[in-house]
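2 protein chains.
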Amino acid sequence: MATIYEVAALAGVSPATVSRVFNDRPVSAAKAALVRAAAETLRFTPNRTARSLRKQNSEVIALVIPDIENPFFTTLARAVEDRAQAAGLSVVLCNSDDDPEKEARYLDIAISENMAGVILAPASDHSDLSAVIARRRPVVAVDRTTGFDIDSVMIDNRPAGRAATDALIAAGFTRIACIAGPLGIVTADERRGGWGDAVQDGAEGAGSELLRFGNYRVDGGRSAMLELLALSDPPDAVVVSNNLMGVGALEVLAEAVRTPGAVAPGFGVAIIGDLPFATFAPAAITVVHLPVRELGTAAADLLIARIAERAAGERAGSDVDAAPGAGTRIPARTVVLAGEIVPARILADG
Amino acid sequence: MATIYEVAALAGVSPATVSRVFNDRPVSAAKAALVRAAAETLRFTPNRTARSLRKQNSEVIALVIPDIENPFFTTLARAVEDRAQAAGLSVVLCNSDDDPEKEARYLDIAISENMAGVILAPASDHSDLSAVIARRRPVVAVDRTTGFDIDSVMIDNRPAGRAATDALIAAGFTRIACIAGPLGIVTADERRGGWGDAVQDGAEGAGSELLRFGNYRVDGGRSAMLELLALSDPPDAVVVSNNLMGVGALEVLAEAVRTPGAVAPGFGVAIIGDLPFATFAPAAITVVHLPVRELGTAAADLLIARIAERAAGERAGSDVDAAPGAGTRIPARTVVLAGEIVPARILADG
DNA sequence: AGCGTTCCAGAAATCGATTTCATCCGCAAG
DNA sequence: CTTGCGGATGAAATCGATTTCTGGAACGCT
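If you want it as structure tokens, here you go:
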């Protein structure tokens, strides 16, 4: 494959000149034309590895998400990508599979591939960002918090949990269960908190037997729902903490509905997060729509701003590289987006 | 951030020795210990950019897919990743968004980042792989064909289309429509062909008014289904060519079912591809299950084999680099996997 | 005409690793 | 006691670009 030297040789100029042509630095029109022609015939593309080794950065950002199969994150990915493309950046997606170790590996790759920045939906709240921060690479957290002082974009989870529950209370349900996410995941804790606030004020029985913890996946929703229905004094409605567990809960309900007497007709369901695709429900469902696209867009914008800022800083020749914990110029910003309650309906559209 | 030189200085050895320690080449135990200690205190990680510039390859593979929001591809991604991880490779995902230009950009990145290989689900059958093939980077095509002589993993689409249609015929339906995918997409053409074969033999009316082309997305399924139901002599069943259009079609049917007289009760539906998550259907649905995980696994295995082969070749010091069209040692292999018919049922599980 | 800018272009240093090559050492065989 | 071999180690070349440094030509100004 062609290198800059071969192009230079063919065009009869120095490699430096070839580089200048490809970087829009002043070169006489005549030589520029020669270079372009030579590059054309050799099908030359600059080697990004060499370039980024020298320039110490690339035009690629990493988006690290915990579950590629969750539509929440794919929608997020989509939004990030759209924004990044517009800014001339390519996005590579890394699936951490909720595994801090895999996540760490991808963060390592991002650093040592000199990627321009990282958007991270943390697998846990113990994600270790010290390495990437020490190298002064911009990082933005989405959806979940980290212990680090970085830009982040979050959803206002507690009100979302509250809104979902209030909607059920308003609809007349009195015994409202909650299928919460894993303990220790901040989004899960807060949504559960919102439910707790609402049931305390409005409905009977915040009793812990109505509170179940799932794994944020379909099977977790299934088993939690089964347990709830098997209670001697079962709930008449349920708030589910995320989309996938919502699917699981609905599956169980759909089966129960067909088993006469297994569940009261008109069981109430509220789900925090949008259902994937059309989910034809056996019951009316209240959904708290989460602004996922906006989440991604905001994260991308924050990251792009940081990257620009960093580039400007380098151009000005700053010296603060040495101090590992040195603060960034602009303090970390946090964007919080609110969910939006969508009235109960039978059919969610894709 | 620490470089190999700083580690060398701290340990009192040469950079070469540090490199040897990190590459498991013979180094005396004493020096190795010194190096490791130094690396530890400096929190040194080898810079991948420099490494891959020198070694001319990396331990990262690219998976380029046309639609990150389609569960078909995310499942594929999952399978590829699992296999790659086991082989010590990291996977970065690139969303081409069905846009040949974006696809080309990602292929470029893969090449010039010296990635170990590429698994490509082509956006179109015009995808230009010449650059990556010229650089002798292993590529494997999945799901769709390319014009190039490379390893590929496909689904046996025509029989899948046929099986879906036959199932409806067997269930007694007589006027079976088809919502096909875009013209020119090989998977779409073949599935439609399978439907054509079946209706010719078994059912009435292969008339072109029963054949609609969609865009493989939810809205395409919706509009095609609406058109079919609006026919003066509407079908009594439909074969849908992919999962997302299946969702769209089901949405429309669900609405129609609630409108008395709009559609015959017991309208037949067969979908090629698994429905995303639990899709609670208003009708019994026949699904042709596609072995997506196996598709991904097979693709990853083929790629990993090629990468190993290439590495072995380099080690032996082959010379064929010059010839751009030079054939690979082992001829291209194509793996074809069959779909599997799943009898009609009401509720698909996630 | 002389001097100082400005601008273009090439030579060479640089990024951070790997790898070749050469050296040096110890140890065994003759 | 010498020769030879093999293993450990360092010096230096290398990967392919970018960037600094420097020389030289062209141009303007007095």
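Top to bottom, those sequences are chains A and B.
What the first sequence shows, in our numbering, is residues 12 to 361, in sequence order.
What the second sequence shows, in our numbering, is residues 12 to 361, in sequence order.
We put the beta carbon where it would ideally sit given N, CA and C, even for glycine.
All values reported here derive from a predicted model rather than from experimental measurement.
Taking a Cβ-Cβ cut-off of 9 Å, B/E114 has no neighbours in chain A, whose nearest Cβ is about 12 Å from it. Looking from the CA of B/M256, the closest CA among B/Q67, B/R223 and B/P245 belongs to B/R223. For A/G128, the uninterrupted beta strand (DSSP E) segment begins and ends at G128 to L131. Contact of A/T14 with chain B by beta-carbon distance below 8 Å is absent, the smallest such distance being about 11 Å. A/R155 carries a coil assignment under DSSP once its states are collapsed to helix, strand and coil. When only Cα atoms are considered, B/G207 and B/C105 end up about 35 Å apart. Looking at the backbone, the Cα of B/E305 and that of B/A88 are separated by about 11 Å.
Restricting attention to B/A199, B/T60 and B/E266, the CA atom closest to the CA of A/I122 is found in B/T60. Chain-order list of chain A residues neighbouring B/L64: N58, T60, A61 and L64, by C-beta distance under 8 Å.
Contacts between B/Y117 and chain A, judged by CB atoms closer than 8 Å, involve S101 in chain order. Of the other Cβ atoms in all chains shown, 16 or more fall within 10 Å of the Cβ of B/S252; this residue is therefore buried.
Of all alpha-carbon atoms in A/V249, A/R203, A/M236 and A/N254, the one lying nearest the alpha-carbon of A/R228 is that of A/N254.
The beta-carbon separation of A/G205 and A/A199, rounded to 11 Å, does not stay under the 8 Å limit for a contact.
Within a 10 Å sphere around the beta-carbon of B/G195 sit fewer than 16 other beta-carbons, which makes this residue exposed. By the 16-neighbour rule on beta-carbons within 10 angstroms, B/I341 is exposed. A/R173 is the residue among A/R173, A/R321 and A/V353 whose C-alpha sits nearest the C-alpha of A/E201. Within a 10 Å sphere around the beta-carbon of A/R269 sit fewer than 16 other beta-carbons, which makes this residue exposed. Taking 4 residues as the minimum length, the alpha helix (DSSP H) runs contained wholly in the region 206 to 287 of chain B are 229 to 241 and 254 to 269, in order along the chain. Approximately 5 Å separates the beta-carbon atoms of B/A43 and B/V32; this is inside 8 Å, confirming the contact. Judged by their CB atoms, B/A281 and B/L179 are nearer to each other than the 8 Å cut-off. Of the other Cβ atoms in all chains shown, fewer than 16 fall within 10 Å of the Cβ of A/S141; this residue is therefore exposed.
In the DSSP annotation of this structure, the continuous segment of the alpha helix (DSSP H) that includes A/T28 starts and ends at P26 to F33.
Burial check for B/Y117: the Cβ neighbour count within 10 Å reaches 16 or more, so the residue is buried. With respect to chain B, the C-beta atom of A/V71 has a partner C-beta closer than 8 Å. In summary, the residues of the region 120 to 136 of chain B whose CB is separated from some CB of chain A by less than 7 Å are I120, S123, E124 and N125, in the order they occur in the chain.
Pairing A/A316 with B/G128, the inter-Cα distance amounts to about 32 Å. In the DSSP annotation of this structure, the continuous segment of the alpha helix (DSSP H) that includes B/L179 starts and ends at N168 to A181. Going by DSSP, A/V91 is part of the alpha helix (DSSP H) stretching over P82 to A97. Neighbours of B/C189 in chain A, taken as residues at a C-beta separation under 7 Å, are lacking, since the least C-beta distance is about 20 Å. Rounded to whole angstroms, the Cβ separation of B/H300 and B/G350 is 6 Å, and the two are in contact under 8 Å.
In this structure, A/E80 keeps its C-beta atom at 8 Å or more from the C-beta atom of B/P302. The Cβ atoms of A/V46 and A/V18 sit closer than 8 Å to each other.
Beta-bridge partners of A/M165 (DSSP): A/V347. Closer than 9 Å at the C-beta level to chain A, one finds no residue of the region 339 to 353 of chain B.
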